[in-house]
């Protein structure tokens, strides 16, 4: 069974929303969509759908194959829809593997286009003036509507090579040399970023006592992601989302009527999506301790609190299990009474690393006023700060400065000027190592880019710091001005 008509109508509507000037060129296809026969089937006449894969690499080149026997120009891998193809993307992915041996797991949908074709090309397949079918193929002259989907090739993908008998060779062409004029124009005008960036967002939501909020997804629905699995809440970025933070806030609200204050980026994970393609996901983390049975679940079967000791006995993607177990190891649980987590048998206790920007201009220091509902230090002044993810401390500093305030800083222009080793009492979190870096140079003026975290930036005289201010931030600033490089806070037992 070929992809159904409702799916095709939705896909073409999304394409024409981006390319309204092409409605006349696709008039024949739009007419076919109102007919009785499915235009995705190869037997459909007077025209039918084909699919191609536009595979780009990190050098802004597009993969082409050359069919030596048939002559003509190199083209992108592609072909006809088959009965087993649930979507047109399945057709494109099947043809990539069949013609050049690239597995789906090495392909990533781009955030700019996702599952909408970048181009739909219309071309005649002429079989000469004779109206009778071609004796070899039994096909009459007809029209191909070629749906072209965009994929980014992962950097760790193996070398591509011809696999199908009719493919003579492969060639990578820069955007300016792409053989299809319509595709070439769209690529050159797209402003496409070829870096691999997340297109989805999910949330690790925990209660501070070692339990995680997990979502049991519907089973027996092969077209959805992770059918029948316990997973994180989240979803794909939509066109109205300016950031992936907006994506996760929207998804939590839409899927469960859930609002979690103070969501913070945690990690970027690569998982396998429902199509078998690679999906980079921005993982956020947040603290919530409500009753999941009272949430208005609109997708899936149920929400429940789960402790890590249950993970091995649950149907769950291995990548999800590993992510949650890593988070649990980094965030030892509080007991029900709010006491500190015990040290493990070896006496080790993991520490969290935080980075902070010490920015000084004409004797004044930049501080931000935390949002009143922020989970930590709400309503207090604090340095621009964040937690290290899978990155160095200076990389974290540069990322946080840009994400939170739009400041551009070169890692070569920062220096470590103070360290605070602290353990808060009572302990709501593990011990922390707080690193303060001075930026000697930067570009930009501080702006509010994450208003759920910070509601104001202001330069303060270092001798007259505002109140309330986060205590360890004050201690660090005073230490820097006094020439000290290290402070310990609240470690008395």
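Residue numbers (the numbering used here): 75 to 567.
Beta carbons are placed, not taken as given, at the ideal position from N, Cα and C, and that holds for glycine.
Since we're looking at a predicted model, the values are computed, not measured.
Grouping DSSP H, G and I as helix and E and B as strand, with all else coil, what is residue i?
i	result
residue 409	Residue placement at residue 409 is flagged as unreliable, the pLDDT there being 41, under the threshold of 50; the coordinate-derived value follows with that caveat. Looking at residue 409 - three-state DSSP - the assignment turns out to be coil, as it is neither helix nor strand.
residue 193	strand
residue 336	coil
residue 126	strand
residue 543	strand
residue 262	helix
residue 328	helix
residue 155	coil
residue 401	helix
residue 560	strand
residue 235	coil
residue 319	helix
residue 450	coil
residue 551	helix
residue 570	There is no way to answer for residue 570, as the model of the chain reaches only from 75 to 567.
residue 90	helix
residue 85	helix
By Cβ distance, which residues of its chain are closer than 6 angstroms to residue i, with the 5 residues on each side in sequence left out?
i	result
residue 481	475, 516, 518
residue 402	382
residue 455	441, 443, 540, 543
residue 293	301, 302
Rounded to whole angstroms, what is the Cα-Cα separation between residue i and residue j?
i	j	result
residue 492	residue 447	28 angstroms
residue 506	residue 425	5 angstroms
residue 260	residue 533	45 angstroms
residue 356	residue 326	14 angstroms
residue 488	residue 510	10 angstroms
residue 218	residue 103	9 angstroms
residue 307	residue 345	14 angstroms
residue 225	residue 253	17 angstroms
residue 531	residue 275	27 angstroms
residue 175	residue 338	39 angstroms
residue 139	residue 179	20 angstroms
residue 233	residue 333	45 angstroms
residue 241	residue 172	10 angstroms
residue 60	residue 429	The structure shown does not extend to residue 60, since the chain is modelled only from 75 to 567, so the question has no answer here.
residue 251	residue 391	41 angstroms
residue 216	residue 122	8 angstroms
residue 543	residue 437	18 angstroms
residue 256	residue 197	11 angstroms
residue 101	residue 90	11 angstroms
residue 557	residue 434	15 angstroms
residue 329	residue 372	5 angstroms
residue 192	residue 441	44 angstroms
residue 86	residue 99	12 angstroms
residue 477	residue 78	42 angstroms
residue 270	residue 541	42 angstroms
residue 525	residue 450	15 angstroms
residue 336	residue 559	30 angstroms
residue 412	residue 496	Because the pLDDT of residue 412 is 42, which lies under 50, any placement of that residue in the model is unreliable, and the number read from its coordinates should be weighed accordingly. Residue 412 and residue 496: Cα-Cα distance of roughly 18 angstroms.
residue 347	residue 353	6 angstroms
Assuming residue i and residue j are in contact, meaning their beta carbons sit under 8 angstroms apart, how far apart are those beta carbons, in whole angstroms?
i	j	result
residue 129	residue 266	With a Cβ gap of about 13 angstroms, residue 129 and residue 266 do not count as contacting.
residue 280	residue 361	6 angstroms
residue 222	residue 189	Actually they are not in contact, since the Cβ atoms of residue 222 and residue 189 sit about 13 angstroms apart, beyond 8 angstroms.
residue 366	residue 349	No, residue 366 and residue 349 are not in contact; Cβ-Cβ is about 29 angstroms, not under 8 angstroms.
residue 149	residue 159	Their Cβ separation, rounded to whole angstroms, is 20 angstroms, which puts residue 149 and residue 159 out of contact at 8 angstroms.
residue 467	residue 427	7 angstroms
residue 286	residue 398	6 angstroms
residue 479	residue 523	6 angstroms
residue 268	residue 134	5 angstroms
residue 288	residue 380	5 angstroms
I'd like the list of long-range same chain contacts for residue i, defined as Cβ closer than 8 angstroms, with 5 residues on each side in sequence excluded.
i	result
residue 315	321, 324
residue 469	485
residue 554	432, 491, 492, 510, 512
residue 452	444, 445, 446
residue 246	131, 133, 135, 136, 137, 138
Are residue i and residue j closer than 8 angstroms when you measure CB to CB?
i	j	result
residue 152	residue 125	yes
residue 136	residue 249	yes
residue 529	residue 405	no
residue 290	residue 375	yes
residue 183	residue 351	yes
residue 244	residue 231	no
residue 358	residue 277	yes
residue 389	residue 302	yes
residue 185	residue 83	no
residue 170	residue 127	yes
For residue i, which residues in the same chain have their Cβ closer than 7 angstroms to its Cβ, ignoring the five residues on either side in sequence?
i	result
residue 551	439, 536, 539
residue 331	369, 370
residue 472	483, 485
residue 494	508, 546, 549, 550, 561, 563
residue 393	343, 345
residue 581	Look at the range of the chain in this structure, 75 to 567, and you will see that residue 581 is not part of it.
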